[in-house]
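Asker:
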Amino acid sequence: MNQPRRVEHQLTDKGYVPVYTTAVVEQPWSSYSRTDHEVWATLFARQQQVLVGRASEEFLRQQRAMGMSADRIPKFDELNPLLRKATGWELIGVEGLLPELTFFEHLANRRFPVTWWIRKPEQLDYLSEPDLFHDLFGHVPLLMNPVFADYMAAYGRGGVKAHGIGPDALVNLTRLYWYTVEFGLIREAGGLRIYGSGIVSSKGESIHCLESEAPNRIGFDLERIMRTRYRIDTYQKTYFVIDSYEQLMEATAPDFTPIYAKLAQLDSFPAGSVQPGDAVIHRGTGEGWLDDGDV
């Protein structure tokens with residue numbers, strides 16, 4: 001088997017530029033170096049400590065059910081039988097960031113793309129793109145939950161449709177993914193907890209999103225989220241809170257086409273704004289916020 005490529009963002013004088021790939025590859029597990037396994041072990045052990053009392057109980061339960069540990073990088077072909085049995089999903093190896101339509105098509109068919117390579121030791125605290133740790137540790141456990149797994153498949157189908165409607169619809173739908181799958185919070189019996197993969201795979205944001213006074217924490221609202229810009233270079237200014245995974249699934253039930261048409265006539269919201277009608281759980285102080293850079 002040929003070694004798959006490690007496709008990473010390119011650093012230019014204008015910052016990092018994303019590089020896309022569509023290749024599906026076998027996980028080259030035997031080629032992982034000792035350093036690769038040590039990076040996994042370091043990140044895994046650190047997040048296991050940080051997430052106690054912070055991560056969703058369902059996330060932690062499903063992660064245990066999958067048998068992930070700090071001992072070694074998990075093998076996709078060992079996880080796939082568990083996923084298929086639980087929810088019909090499977091992992092596929094990819095070389096890096098996928099084009100939007102390719103990504104949506106995989107999700108719609110219950111295939112979750114996992115970047116085969118892991119970050120370098122000097123990138124433990126920040127990486128500008130998804131790697132194996134973000135994808136596998138952050139995303140995969142909740143694919144064992146039938147409701148969340150259905151939400152992800154429905155999102156993929158919606159993405160394929162939005163791609164056909166146009167770029168504005170894609171912007172709206174991307175914001176939904178960002179503020180739920182990547183940076184979502186959930187209300188549980190013990191208080192607010194993390195389920196978003198971008199948070200559970202980050203030590204700093206795992207603490208910041210729940211304990212900092214700076215960000216807003218606002219109740220889930222579909223159209224509000226679709227109008228809200230976000231940050232890709234710093235911690236989020238606003239986190240949206242769901243009451244249950246069922247709430248996410250119910251949000252995908254309507255046809256989004258008239259929603260896209262409605263939102264096309266309305267302005268977007270700054271990432272850190274609080275709007276009239278918001279279900280405000282915590283109004284952030286805005287400490288440390290940058291004034292530019294919203295996407």
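So the sequence shown is numbered by the UniProt record's numbering: it starts at 1 and just counts up by one. C-beta atoms are modelled at their ideal positions from N, C-alpha and C, and glycine is treated no differently. In this text the structure is predicted, and so the values were computed from the model without any measurement.
In the DSSP output, what is residue 15 paired with across the bridge?
Answerer: 12
Asker: Please report the distance separating the alpha-carbon of residue 225 from that of residue 179.
Answerer: Distance between the alpha carbons of residue 225 and residue 179 is about 7 Å.
Asker: Can you say whether residue 169 is buried or exposed, counting buried as having 16 or more other CB atoms within 10 angstroms of its CB?
Answerer: When all chains shown are included, residue 169 counts as buried.
Asker: With a CB to CB cut of under 6 Å and the five nearest residues on each side skipped, what residues in its chain are close to residue 20?
Answerer: 97 and 99
Asker: Give, in chain order, every unbroken run of the alpha helix (DSSP H) that is at least 4 residues long and sits entirely within the segment 215-240.
Answerer: 222-226
Asker: I'd like to confirm the pairing. Which residues does DSSP put opposite residue 55 in its beta bridges?
Answerer: 194
Asker: Tell me which residues share the same chain as residue 102 and place their Cβ nearer than 6 Å to its Cβ, disregarding the 5 neighbours each side in the sequence.
Answerer: Result list for residue 102: 22, in chain order.
Asker: Go to residue 42, then tell me how far its alpha helix (DSSP H) extends in each direction, as first and last residue.
Answerer: 34-50
Asker: Taking a contact to mean a Cβ-Cβ separation below 8 Å, would you say residue 74 touches residue 92 in this structure?
Answerer: no
Asker: Take the Cβ of residue 237 as the centre, count every other Cβ of all protein chains shown within 10 Å, and call the residue buried at 16 or more, exposed below.
Answerer: buried
Asker: Please name the residue, chosen from 57, 45 and 13, that lies closest to residue 202 on a Cα-to-Cα basis.
Answerer: 45
Asker: Where DSSP assigns a beta bridge to residue 20, which residues make up the other side?
Answerer: DSSP, once it has assigned bridges, lists 97 as partnering residue 20.
Asker: Pull up the DSSP beta-bridge partners for residue 113, would you.
Answerer: 92
Asker: So if DSSP puts residue 282 in a beta bridge, which residue, or which two residues, is it bridged to?
Answerer: 217
Asker: To the nearest angstrom, how far is it from the Cα of residue 86 to the Cα of residue 147?
Answerer: 11 Å
Asker: Rounded to whole angstroms, what is the Cα-Cα separation between residue 219 and residue 50?
Answerer: A direct Cα-Cα distance of roughly 24 Å separates residue 219 from residue 50.
Asker: Which same chain residues, not among the five before or five after residue 52, have their C-beta less than 6 Å away from its C-beta?
Answerer: Closer than 6 Å at the Cβ level, and outside the excluded window around residue 52, lies no residue.
Asker: Report yes if the CB atom of residue 294 is closer than 8 Å to the CB atom of residue 230, and no otherwise.
Answerer: yes
Asker: Mind reading off the beta-carbon distance from residue 137 to residue 62? Whole number of angstroms is fine, and I expect it under 8 Å.
Answerer: With a Cβ gap of about 12 Å, residue 137 and residue 62 do not count as contacting.
Asker: Residues in the same chain with beta-carbon distance under 6 Å from residue 72, minus the five sequence neighbours each way, listed in chain order, please.
Answerer: So the qualifying residues of the chain are 37.
Asker: Would you be able to state if there are at least three C-beta pairs under 8 Å between the segment 108-123 and the segment 180-187?
Answerer: The segment 180-187 and the segment 108-123 do not touch, with fewer than 3 CB-CB distances between them shorter than 8 Å.
Asker: Can you give me the Cβ contacts of residue 54 inside the same chain, cut-off strictly under 8 Å, excluding the 5 residues immediately before and after it?
Answerer: Once the five neighbours on either side are set aside, the close Cβ partners of residue 54 are 193, 194, 206, 207 and 210.
Asker: Does the beta carbon of residue 20 come closer than 8 Å to any beta carbon on chain D?
Answerer: Of the chains in the structure shown, none is chain D; there is only one protein chain.
Asker: Tell me whether residue 200 is buried or exposed, calling it buried when 16 or more other Cβ atoms sit within 10 Å of its Cβ.
Answerer: buried
Asker: Taking Cβ positions, are residue 227 and residue 263 nearer each other than 8 Å?
Answerer: yes
Asker: Straight-line CA distance for residue 152 to residue 249?
Answerer: Counting only the Cα atoms, residue 249 lies some 9 Å from residue 152.
Asker: Considering residue 187, what are the terminal residues of the alpha helix (DSSP H) in which it resides?
Answerer: It is not in any alpha helix (DSSP H) - residue 187 instead sits in the beta strand (DSSP E) that spans 185-188.
Asker: If we call anything under 8 Å between Cβ atoms a contact, is residue 60 one with residue 133?
Answerer: Their beta carbons are not under 8 Å apart, which means residue 60 does not touch residue 133 by this criterion.
Asker: Between residue 165 and the rest of its own chain, which residues show a CB-CB distance below 8 Å, the 5 nearest in sequence each way excluded?
Answerer: Excluding its 5 nearest sequence neighbours in each direction, residue 165 has C-beta neighbours in its own chain below 8 Å: 257 and 260, listed in chain order.
Asker: Measuring CB to CB, does residue 117 end up less than 8 Å from residue 214?
Answerer: no
Asker: Report the partner residues of residue 199 according to the DSSP bridge assignment.
Answerer: According to DSSP, which records beta bridges pairwise, residue 199 is partnered with nothing at all.
Asker: In three-state terms, what does DSSP make of residue 171?
Answerer: helix
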